[in-house]
Ligand code: AMP
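Numbering (my numbering), first residue to last: 28 to 572.
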C-alpha cells in the first residue's frame, strides 16, 4: 500500500473530533488495507516504541533532507510549534526533488522507522538521520508531516486505543470485547487485527507473548478493604518492579508490567526459573526487589539501574542482588488459570515454586478477616520498608489489564501521587540551562489537568538528568515556559492537598517533592486521577478534624 493513502487517512482522522466518525473512517480503511498489521500499528503512531530521536536530531534530519539552515528551521518551528509542519513547509518549497525519487510505500516507511530503536553507540546518530532523511526526500509534503510526527511520537490525529479496538471490531464483524480480550493476550493490536480479518479472533494465552496484567484499586483504609471481601488474602505490597515469568521447558522470558522484554537484564532469575519452578509450562507473576546482602530491600532506584542496564549485566547482578516474590499464576501446563479463583491459583503457585529464602520465594501472604491481625501485618510491612498491603479477593478470577476492585491497595494516607510532567520553566541565573520548575498533571475529564508546580528540592544532578530527559519532549516554548509532551511519570510526595483556583483541578499540592521517576513502570495513562486527588483531599480532612 502507498504511504500517501495512509497520509490521507491521517488527514481525515484529524479533521473530525467525533470518536464514532474516527472509528468508521478507520474501519473502512482496515477493511481494504493490505499490510493490515503495519497499518493498524501506524494508525495510532506506533506506540510503545522509543525511536530514540530527540527534537534536536529531527532538526538535523530536516537540515539534511532539505538543505535548510538552522535559523530557517528555528524560525519555522517558532511559527508552527510542530516539526511535522516544518518538514511539510520545506517539502513544498523544495527547489528540486531528488532525481531517483521513489513513491513511498507503507512498508518502506515502517521498515525504516523500526530500524531506529536498535541503533545505538558510535555512528548511530548519523545512521538514524540518514534513515529518516531518506524517507523525507521521497515524501510529498503531507507525507513528510506525518513521518516526522510519527518519529517524535506526536501524531496529533486523536486516535486512542479504544478507537482502534472498536474500528477492528467494526471492520471484521467482531465484538469489541472479544477484540479487547485478544489484545489482553497478544499485547499488539496489529496482530489482533490480522487474526480478526481471518475470522480467528478467539485468542488464548501463548507462552512467550506478554499478557496484560491485573491492576489494583486504592482503598480508603484497611478496615474498609477487609469488609469488601468475604474471603480476603493480605499480602505485602512490595516496593519493586512487577515481573511476569514465562517458562516453557528450558525457555524463559521475563516481561515488565508494560510488556517490555527484560529477560536479558535478570540472568539469575532465568536460572532460578529453570531449576526452581516445578512445571513444564507456566506464566507466573511477582514483584522483584533489589536487596542488600542481608536480604533487606533497597530503594527502587537501585533496581531501576538493573532494568536499564544493557551491558555488563553479570557484574551488575553481583553488585545489585535481587529478590523475587511471587503472588500469582495465570497459566499452568496448557491450562489458562485466569478463570480460576485466586484461592486455587495461589495453591497451584505454592505447589510449583521451590523456594530459596530471600531470593526466590512466595510473597508474604495471610488469610484473615480479623482487623487486629491485619493491622499487625500492615505495620510489619511498613517496618520492612514496603509500601503497605494489597488485600485480595480469594474468590475472584484474574482480570487482565483491568482495575476491577478485586485487589485493593492500602498504603499510608497522604500517599504519594503519580503525576505526569506536562510543562516547565527554564531556570534563572546559574540554572538557565536546566528546567528548574516542573508543571505536573493528573488525569481527569478525558485530559491531563495541571495540579502542581514542583520547584525547589532537586539537586543539580537531578536537574541535569531531568532536563536531559525532558528536552526531547518539548512541544512548544513561550519565553522561558515550555509545554512538554505528557510522557514522564514521577512519584510526588507533598505535605497537603489544598483547594486552589490556580489549577484546572481546583486543587494544589503543598510542597511537592520528587520521590522517584516511574518511567519504567508507568505510562502517562497510569497517573492518578482527579477523582483520586478529591478522595485524598476528603480523607485528609477527616483525619485532621
Ligand atoms: P500501584 O503501582 O500503586 O498501582 O500498585 C500495584 C502494583 O503493586 C502492582 O502492579 C505490583 O507491581 C505491585 N505489587 C507489590 N506487591 C504486590 C502483591 N503482593 N500483589 C500484587 N501486586 C503487588
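Ideal Cβ positions, reconstructed from N, Cα and C, are used throughout, including at glycine.
The structure displayed is predicted, hence computed values, not measured ones.
- By the criterion of a C-beta distance shorter than 8 Å, residue 304 is surrounded in its chain by 272, 274, 311, 379, 380 and 381, once the five residues flanking it on both sides are discounted.
- With at least 16 other beta carbons inside 10 angstroms of its own, residue 214 counts as buried.
- Exclusion of the five residues before and after residue 372 leaves 355, 356, 357, 364 and 425 as the residues of its chain whose Cβ lies within less than 8 Å of its Cβ.
- Annotation: residue 71 to residue 397 spans about 49 Å, alpha carbon to alpha carbon.
- Counting C-beta pairs closer than 8 Å gives fewer than three between the region 477-488 and the region 148-164, which falls short of the contact rule.
- Contact between residue 540 and residue 533 is ruled out by a C-beta separation of about 22 Å, above the 8 Å threshold.
- Comparing alpha-carbon positions, the option among 261, 241, 239 and 218 lying closest to residue 249 turns out to be 261.
- The residue among 335, 536, 467 and 192 with its C-alpha nearest the C-alpha of residue 208 is 192.
- Our two residues, residue 469 and residue 128, have alpha carbons roughly 46 Å apart in a direct line.
- Residue range 369-379 is occupied by the alpha helix (DSSP H) that includes residue 375.
- Each residue's CA atom was taken as its position, placing residue 420 and residue 265 some 18 Å apart.
- Look at residue 349: its beta carbon is at least 6 Å from all of the heavy atoms in the ligand AMP.
- Residues 498 and 499 of the same chain have their beta carbon placed closer than 8 Å to that of residue 83, with the five preceding and five following residues left out of the count.
- Residue 265 has its Cβ nearer than 6 Å to a heavy atom of the ligand AMP.
- Shortest Cα-Cα distance from residue 474 to any of 552, 444 and 166 involves 552.
- Here residue 98 is exposed, its C-beta having fewer than 16 other C-beta atoms within 10 Å.
- Rounded to whole angstroms, the Cβ separation of residue 238 and residue 232 is 6 Å, and the two are in contact under 8 Å.
- Looking at the DSSP output, residue 355 shares a beta bridge with 312.
- Here the alpha carbons of residue 477 and residue 172 stand approximately 29 Å from one another.
- The region 548-563 makes contact with the region 515-529: 3 or more CB pairs, one atom from each, lie closer than 8 Å.
- Residue environment: residue 445 is assigned as buried (16 or more neighbouring CB atoms within 10 Å of its CB, all protein chains considered).
- Of the heavy atoms belonging to the ligand AMP, at least one sits nearer than 6 Å to the Cβ of residue 436.
- C-alpha of residue 301 to C-alpha of residue 278: approximately 8 Å in a straight line.
- Sequence-distant partners of residue 280 (beyond 5 residues in either direction) whose C-beta falls short of 6 Å from its own C-beta, in its chain, are 235, 273 and 290.
- Looking from the CA of residue 135, the closest CA among 317, 489 and 174 belongs to 174.
- If you ignore the 5 residues before and after residue 432, its C-beta comes within less than 6 Å of the C-beta of 244, all in its own chain and listed in chain order.
- Classified as buried, residue 352 has 16 or more neighbouring CB atoms from the shown chains inside 10 Å of its CB.
- Shown here for residue 194: same chain residues with a beta carbon closer than 7 Å to its own, the five before and five after excluded, namely 50, 53, 54 and 57 in chain order.
- A Cβ-Cβ contact shorter than 7 Å links residue 519 with residue 443.
- Of the other Cβ atoms in all chains shown, fewer than 16 fall within 10 Å of the Cβ of residue 506; this residue is therefore exposed.
- The C-beta distance from residue 547 to residue 408 rounds to 23 Å, too long to fall under 8 Å, and the pair is not in contact.
- Collapsing the DSSP output to three states places residue 323 in coil.
- In this structure, residue 196 lies near residue 206, with their beta-carbon atoms less than 7 Å apart.
- Residue 106 and residue 489 have their C-alpha atoms spaced approximately 32 Å apart.
- Between residue 88 and residue 156 the beta-carbon gap is near 5 Å, inside 8 Å, which marks them as a contact.
- The continuous beta strand (DSSP E) containing residue 388 extends over residues 387-389.
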